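Student: Here's a structure for you.
In mature numbering (1 follows the signal peptide of the UniProt record, and there is no 0), the protein residues as written are -26 to -1, 1 to 651.
Here it is as structure tokens:
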């Protein structure tokens, strides 16, 4: 108690150094300190490092840190500086190796018992133990002060980012330096006031416990606790007194400087008043002269043409896939059918106008070209009729992606087998979109549905719906980044009624598990809605993403109602190599009105396969199971449709399944991917 009281009487310059100068009442040893004048913070008998310059907020000392269940608590050297708490195995490691750092501005400080401290910041938690309760309290006080200062510095930086710069750098330093120092001292007073209230309450509790004692055997420990808390309370009070004294000294020393600065600002204002008045008079005379001049109509026309040229010149180049991408083989099933292209000359029109599964009519196929080809002209005519309306200006390119190095293995090595929503991800692993906007991108090829409205045959309409379901994966091959998770209740609306005829609204309706609801209405005769929940698993080398929920599409005139689900997406080379995405699985599209079906198969990539990568194949059949069309293509480039004119059973495969051979007409391209912006 006497040594602590003697320390309280000395003049100090830093709150942290003063609070940390309390001797450890359990071991009678001073920890390594910084920030106390006169070399008093240079370490006690433990032989700490030399003292830091006066006024610094550095705190150093030994603490026990929990490592694992085998080693338990291990002694580590901790350094608190500039709002960061770092630790080392020894003091010698400070020059080259830091074992870990935690930012106190966003950390939570908690005390489990008399000697333990728990620091948590996001996914990182430190369990620390001090030698005694007084030493623990000294560290907690220093940590709380450092956290308050770190938060204050962060807020000051965000506030200063939008301010205008002063006329000169010297004025800025003279004005902002003293103000920040005074506000810092004022915050120290507020923090010390809170600490005094906390220690006072603890002291009051200890005194009440001392009064209620009856057994003389317990009196020794209770009296010792009261003494320790009284020492802490006295030191904190002395710190507040010294902070008040520093505040008054600073205010007195800077008051004359502020008076000189104010006088200088007054003189500058007087000098600027006369030129400003002359400029105002010249501006008025120029305005009167401009009003008397003839109109400048040609200038507006030239500016409009310049704006149009700048929009056209801002187109980006399509990015190609890296040829050196490394792939891994996957299991592949043999195709269930074989397609053979037939010659239209050998198939003449018969007496029936109905198309069967084994008898096809080339003339019907040619007549249906009006939907495949002439629909482009009708959409063009619709768009040209609205060119006279004022349109919203939209950007022609997006900002480049920042190139930051990212070590995924250091993040995901502890996350194998977890749900993706439970894994903390670095922000540069995301793309600057929300999942709601990414869902809305499924409508990029909405014109396929506009063409499907004009189809008279339900099986032909099914071909366009199948092509639309594949088109939603067209950009995934180049986009390995993850969209941001939306907030609960967040919405994303895309209103293109005037230009494209549809309006889309997407909302996050559940947070755990994440779920979104999407609804699209089109004036051109269709409505689409879906509810989607994503289940994902990290398997070490790859990440599997399984979309759950159904997609519904209804055409207003015919009443055809189509339902399908998405396939599984797999992100490969999570640990080593370049990230690449593959789509695999099957999609079954069902027309609930006519019972037509379309089976689409997304073949997984195989290094040893001779097939085209990212291949998609499928068959469109009616309610009786008779096949009418064959779908083929890739999910990243195009989809084609071929009409079946004859089907027969072929040879038996190695697995014992009998293949079906379809004889088709030449394919028609239903969908082709746009070049990337």
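For each residue, glycine too, the CB sits at the ideal point set by N, CA and C. This structure is a prediction, so every number in the text was calculated from the model and none was measured.
Tell me where the beta strand (DSSP E) around residue 564 begins and ends.
Tutor: Note, residue 564: beta strand (DSSP E), 554 to 565.
Student: Less than 8 Å between the CB atoms is what I'm expecting for residue 556 and residue 596, so what's the real figure, rounded?
Tutor: Rounded, the Cβ-Cβ distance is 32 Å, inconsistent with contact.
Student: Tell me the rounded alpha-carbon separation between residue 51 and residue 61.
Tutor: One C-alpha to the other measures close to 5 Å.
Student: Are the Cβ atoms of residue 441 and residue 423 separated by less than 7 Å?
Tutor: No, these two residues do not count as a Cβ contact at 7 Å.
Student: By the 10 Å Cβ neighbour count, where 16 or more other Cβ atoms means buried, how is residue 475 classified, buried or exposed?
Tutor: Its Cβ being crowded by 16 or more others within 10 Å, residue 475 is buried.
Student: Measuring straight from C-alpha to C-alpha, what distance separates residue 129 and residue 79?
Tutor: Near 10 Å, if we compare the C-alpha coordinates of residue 79 and residue 129.
Student: For a test of the three-state rule: what should DSSP assign to residue 635, helix, strand or coil?
Tutor: Strand at residue 635.
Student: So residue 683 and residue 616 are supposed to be a Cβ contact under 8 Å. How far apart are they, rounded?
Tutor: In this structure the chain extends from -26 to 651, so residue 683 is not present and cannot be described.
Student: Measuring only the C-alpha atoms, how far is residue 652 from residue 368?
Tutor: A question about residue 652 goes unanswered here, because the residues of the chain that appear run from -26 up to 651.
Student: Going by DSSP in three states, residue 597 sits in which element: helix, strand or coil?
Tutor: Residue 597 falls in the coil class under three-state DSSP.
Student: Measure the C-alpha to C-alpha separation of residue 452 and residue 550 and round it to an integer number of angstroms.
Tutor: One C-alpha to the other measures close to 18 Å.
Student: Cβ atoms of residue 524 and residue 537: under 7 Å apart, would you say?
Tutor: Closer than 7 Å, so yes.
Student: Count the C-beta pairs between the stretch 403 to 410 and the stretch 456 to 467 that are closer than 8 Å, then say yes if the count reaches three, no if not.
Tutor: Result yes; three or more Cβ-Cβ pairs closer than 8 Å.
Student: For residue 449, list the residues DSSP reports as bridge partners.
Tutor: For residue 449, which the question treats as bridged, DSSP gives no partner whatsoever.
Student: Around the Cβ of residue 578, are there at least 16 other Cβ atoms within 10 angstroms (buried) or fewer (exposed)?
Tutor: Per the 10 Å Cβ criterion, buried.
Student: So the beta strand (DSSP E) residue 520 belongs to, where does it begin and stop?
Tutor: Per DSSP, residue 520 belongs to the beta strand (DSSP E) from 516 to 522.
Student: Which of the three DSSP states is assigned to residue 490 in this structure?
Tutor: DSSP places residue 490 in strand when its eight states are reduced to three.
Student: In the structure shown, what three-state DSSP assignment does residue 536 receive?
Tutor: Here residue 536 sits in strand by DSSP.
Student: Report back the beta-carbon spacing between residue 654 and residue 207 to the nearest angstrom; my notes put them in contact at under 8 Å.
Tutor: Look at the range of the chain in this structure, -26 to 651, and you will see that residue 654 is not part of it.
Student: Suppose you measure from the CA of residue 515 to the CA of residue 176; what does that come to, to the nearest Å?
Tutor: Their backbone Cα atoms lie some 54 Å apart in a straight line.
Student: May I ask you to list the residues that DSSP assigns as paired with residue 621?
Tutor: According to DSSP, residue 621 bridges with 636.
Student: Can you tell me where the alpha helix (DSSP H) holding residue 504 begins and where it ends?
Tutor: Segment 500 to 512 is the beta strand (DSSP E) holding residue 504; no alpha helix (DSSP H) there.
Student: Could you tell me whether the Cβ of residue 527 comes closer than 7 Å to any Cβ of chain D?
Tutor: Checking the listed chains, one finds no chain D in this structure; it contains a single protein chain.
Student: Which residue spans inside the stretch 86 to 136 form an unbroken beta strand (DSSP E) run of at least 3?
Tutor: Runs of the beta strand (DSSP E) inside the stretch 86 to 136: 90 to 95 and 98 to 103.
Student: Suppose the cutoff is 6 Å on Cβ atoms and the five residues either side in sequence are ignored; what does the same chain contact list for residue 447 look like?
Tutor: Closer than 6 Å at Cβ, skipping near neighbours: 557 and 609.
Student: Note down the Cα distance separating residue 646 from residue 482, rounded to an integer number of angstroms.
Tutor: Distance between the alpha carbons of residue 646 and residue 482 is about 31 Å.
Student: Taking the beta carbon of residue 213 as the centre, do at least 16 other beta carbons fall within 10 Å, making it buried, or is it exposed?
Tutor: Residue 213 is buried by the Cβ-count criterion.
Student: According to DSSP, is residue 76 part of a helix, a strand, or is it coil?
Tutor: Note: residue 76 maps to strand in three-state DSSP.
Student: Alpha carbon to alpha carbon, how far is residue 594 from residue 433? Give it in angstroms, no decimals.
Tutor: The alpha-carbon atoms of residue 433 and residue 594 are separated by roughly 7 Å.
Student: Should residue 246 be labelled buried (16 or more other beta-carbon atoms within 10 Å of its own) or exposed?
Tutor: The residue in question, residue 246, is exposed, as its Cβ has fewer than 16 Cβ neighbours within 10 Å.
Student: By DSSP, does residue 61 sit in helix, in strand, or in coil?
Tutor: DSSP places residue 61 in strand when its eight states are reduced to three.
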